[in-house]
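One structure is given below, encoded as structure tokens.
In my numbering, the protein residues as written are 3 to 217.
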């Protein structure tokens, strides 16, 4: 009888330990998902600011990237000191300028609109610059271009896409998520096998141009 009680007590302790581990993993996973959501929100805000900077600076890749670098410090900063801000700026700058390094640590900025076909339809050249004009759009016909199937008004809408490898920060959970996602989506395994483990996040931003759009 005593032996049976001891066996039951031992089993209960083991079950309690297992339940505790599972509970801790669930809490850690929930915390990591919260951080991931927060990162997605910050990335979306930075993308909108990048687009905002682009629409008044001819929609160039350089202008969009500059806007993103200046407004994405929240993704990199760890502290409130001036040196922390400077470090975050340099990290953002490196991520944008070297997007294919460090297993997905970089940022890929893509201009989705206007398309190359839109430039074929509507671009004019002046002072060795090829651009889609932005002035007097309300006075221009809304006929669709032959190549782009867009109107000149549509060609003056800037749409960008930004892809960023968000680092997972919760120990153990990061490896579990990385292993699962590698099996499910091997095409992005360079993100999941990096150190730290990263999750590719993609966001888009759309705004109306406030200046001519350079090719």
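For every residue, glycine included, the Cβ atom is placed at its ideal position computed from N, Cα and C.
Predicted model only: the values in this text are computed from it and were never measured.
Secondary structure note for residue 69: its alpha helix (DSSP H) is the uninterrupted segment 63 to 73. Per the Cβ contact rule, the region 152 to 159 is in contact with the region 126 to 141 (3 or more Cβ pairs under 8 angstroms). Counting every other CB atom within 10 Å of its CB across the protein chains shown gives residue 123 a total of 16 or more, marking it as buried. Membership of residue 208 in the beta strand (DSSP E) is indicated by the continuous run 200 to 210.
Put simply, the region 79 to 93 does not touch the region 178 to 186. Fewer than three CB pairs are less than 8 angstroms apart. Burial is judged here by how many other beta carbons sit within 10 angstroms of a residue's own beta carbon; residue 100 has fewer than 16 and is exposed. In the structure shown, the three-state DSSP call for residue 83 is coil.
Restricting attention to beta strand (DSSP E) runs no shorter than 3 residues, the region 85 to 158 encloses them at 109 to 115, 126 to 128 and 131 to 134, ordered along the chain. The beta carbon of residue 54 sits closer than 7 angstroms to the beta carbons of 69 and 209 from its chain, once the five residues preceding and following it are set aside; these are given in chain order. The Cβ atoms of residue 177 and residue 202 do not sit closer than 8 angstroms to each other. Within the same chain, Cβ atoms closer than 6 angstroms to the Cβ of residue 175 are found at 30, 31 and 34, the five residues on either side in sequence being excluded. Looking from the CA of residue 126, the closest CA among 26, 215 and 27 belongs to 215. Residue 51 holds the alpha-carbon nearest to the alpha-carbon of residue 206 among 191, 51, 169 and 95. Separation of residue 187 and residue 111 (C-alpha to C-alpha, rounded to the nearest whole angstrom) is 22 angstroms. Contact between residue 59 and residue 65 is confirmed by a C-beta separation of about 4 angstroms, below the 8 angstroms threshold. Residue 98 places its beta carbon less than 8 angstroms from that of residue 67. Residue 167 has 202 as its beta-bridge partners, per DSSP. In the same chain as residue 198, and ignoring 5 residues on each side of it, the C-beta atoms closer than 8 angstroms to its own belong to 169, 170, 171 and 176, in chain order. In the three-state DSSP reduction, residue 24 falls in the helix class (H, G or I). Per DSSP, the continuous alpha helix (DSSP H) segment holding residue 176 begins and ends at 175 to 186.
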